[in-house]
Each structure stands twice: as C-alpha cells, then as structure tokens.
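Accompanying notes for the structure given below.
Protein chains: 2
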Amino acid sequence: MLTSVDPDVIRVLGDPLRLRIVTLLARETLCTTHLVEETGARQTNLSNHMKVLREAGIVETEPCGRYTYYRLKPEILTGLSEQFAELAASARAAAENKRACP
Amino acid sequence: MLTSVDPDVIRVLGDPLRLRIVTLLARETLCTTHLVEETGARQTNLSNHMKVLREAGIVETEPCGRYTYYRLKPEILTGLSEQFAELAASARAAAENKRACP
DNA sequence: CTTTCACATCATCGCTCGCTGATACCAGCG
DNA sequence: CGCTGGTATCAGCGAGCGATGATGTGAAAG
Numbered sequence: 140m141l142t143s144v145d146p147d148v149i150r151v152l153g154d155p156l157r158l159r160i161v162t163l164l165a166r167e168t169l170c171t172t173h174l175v176e177e178t179g180a181r182q183t184n185l186s187n188h189m190k191v192l193r194e195a196g197i198v199e200t201e202p203c204g205r206y207t208y209y210r211l212k213p214e215i216l217t218g219l220s221e222q223f224a225e226l227a228a229s230a231r232a233a234a235e236n237k238r239a240c241p
Numbered sequence: 140m141l142t143s144v145d146p147d148v149i150r151v152l153g154d155p156l157r158l159r160i161v162t163l164l165a166r167e168t169l170c171t172t173h174l175v176e177e178t179g180a181r182q183t184n185l186s187n188h189m190k191v192l193r194e195a196g197i198v199e200t201e202p203c204g205r206y207t208y209y210r211l212k213p214e215i216l217t218g219l220s221e222q223f224a225e226l227a228a229s230a231r232a233a234a235e236n237k238r239a240c241p
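Note that the protein sequences, when read in sequence, are chains U and F.
Count along the first sequence starting at 1, add 139, and that's the number in our numbering.
Count along the second sequence starting at 1, add 139, and that's the number in our numbering.
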C-alpha cells in the first residue's frame, strides 16, 4: 500500500475543461470536432488540452481518416479510484492517530 | 449515476503541495507546525493552503490549546473514489461507442 | 502583565498556464 | 494537382494563483 495519489494525473485533471472532456469521453469515443461542439471551446484550445491528456496517459488517439478519435484509458481512472479508496481507508484508520504537540 | 467528478475538489487537490498535505494527513492527524516540518514550506504558505482545503470541505480543524489540528474527512475521499470508479466503468462500457464523423 | 509561540489574515510579487491567432500538416475529394 | 476540411504546433498575451513578508490575534508560560 503506497497510500498516495499520482500528482501528475490529478494536476492534469484539475483543469475544469479537461475534466469536462474526460467526462464526455467516458460516455462515448469522440473526435476533436465533436468535442468542439460539446464544449464550445476553440479547436486550438481543445487540441492543446488533448495533448496534455495524451502525454499524461489519460487518453489514447485513434486516427480514422482525417479524423482523430480520442478514447479514455479506463485503467487510469480505475487506478485513481483505488488510490483514493486507499487514502480514505488510511484516513479512517488514522483518525485518532494524533502526533503529540512538540 | 451522475458519472462526473466534483471539479472543485479535484482542482484543490491538483496542487502538488496540497496533495502532499492530504497524503500526510491520511497517516495521522497533524497540526500546522508538524506540516511545516514535514513539507519544508513556510508557515504562511501552509496556512493559506489549509484555508483552501478547509473551504473545500476536505479537512476539519480541531483547536487544541494554541495548536490547530487538521483531520481529513474520509467521506470526501470515498466520494472521489466512487466517482472515479463510475467514470472508469462508464468508459469501459463506452469504449466501442463511437459517434459518427459529421 | 509581559513575553513567547502557534496560527491566521492581508497585500504584493512573480510566474505558471490556459486561451488565442497564425500557420503548418495531412487526408480525402474534385 | 489543387482545394477543402480536420487537426496539430508555435509564439504571445494576460489572468489566475502560489509563494513571501509584514502584521494581527489569541492562548499558555514566566
């Protein structure tokens, strides 16, 4: 048990627009055009965010002709879920574990 | 099933120092002095972060003499864990659910 | 009461990072 | 080939936010 959460992934998901993108991609696999429609953001802006999500290993790209589809990698989300569950369990166990005042 | 994650909580945890603080508090209940020692951050800086964590409902304060102890609220972490688990499940189910190119 | 120490608040600085516009790239289609 | 449309990359701007220093408050210790 490591009882910690990957700071990089959380940091990437900390941006509201990126979290929105992830939520959308959890429902269906979409390409940039769809995401532009859904979010109202500019294509450039979206492409930048997709790059961040890709480099963080949160999404995968699947070229389809001249379109680029983005698919969520569920393992990442599952990992986060487990890490937070561990943290929660640890926090519950350590509730009364007070370090003495110096 | 809402299949989304609270953006505010994630945003707050997106900061590396705050995530570190949460990780430390998952092991034991600490006061500001302890956190200063553990993280090496200045007291002012830490106090600011604790205010953010408090306002986000992630930690609770427990005054003890002139010390202030901080305790994690495990429900928040449990909620996050469940929300990410939902997202992961939804992502797995929607893997082949591609929207047609316009 | 005075001092000391833990902690919070405030104002300010500085830098990161998200947003934008311009541009380049690539794949289909005529 | 030339054109169109989808997408990525790059440079620059500007707001947001994290870090700092000065200062205030409140509680114990002397």
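Don't be surprised by glycine CBs; every beta carbon is placed ideally from N, CA and C.
Sub-8 Å separation of residue i and residue j beta-carbons
i	j	result
U:S229	F:R166	yes
F:T142	U:T162	yes
F:R150	U:P213	no
F:L215	F:H188	One point to set straight first is that residue 215 of chain F is Ile, not Leu, in the sequence displayed. No, the pair does not count as a contact, with Cβ atoms beyond the cut-off.
U:L164	U:V191	no
U:L226	U:V144	yes
U:T171	U:S186	yes
U:F257	F:L156	Outside the displayed span of chain U (140 to 241) sits residue 257 of chain U, for which this structure offers no information.
F:G153	U:G196	no
Residues bridged to residue i [DSSP beta-bridge criterion]
i	result
F:V198	F:L211
U:K237	F:T168
Simplified DSSP assignment, three categories, for residue i
i	result
F:T171	helix
Terminal residues of the alpha helix (DSSP H) in which residue i lies
i	result
F:R150	P146 to L152
Nearest residue (CA-CA) to residue i, options the options
i	options	result
F:L211	F:T183, F:T171 and F:R193	F:R193
U:P146	F:L158, F:L169, F:V144 and F:V151	F:L158
U:R238	F:T207, F:A239 and F:L185	F:T207
U:H173	U:Y209, U:L152 and U:A224	U:Y209
U:P202	F:G153, F:E221 and F:C240	F:C240
F:A234	U:E176, U:T183, U:T200 and U:N184	U:T200
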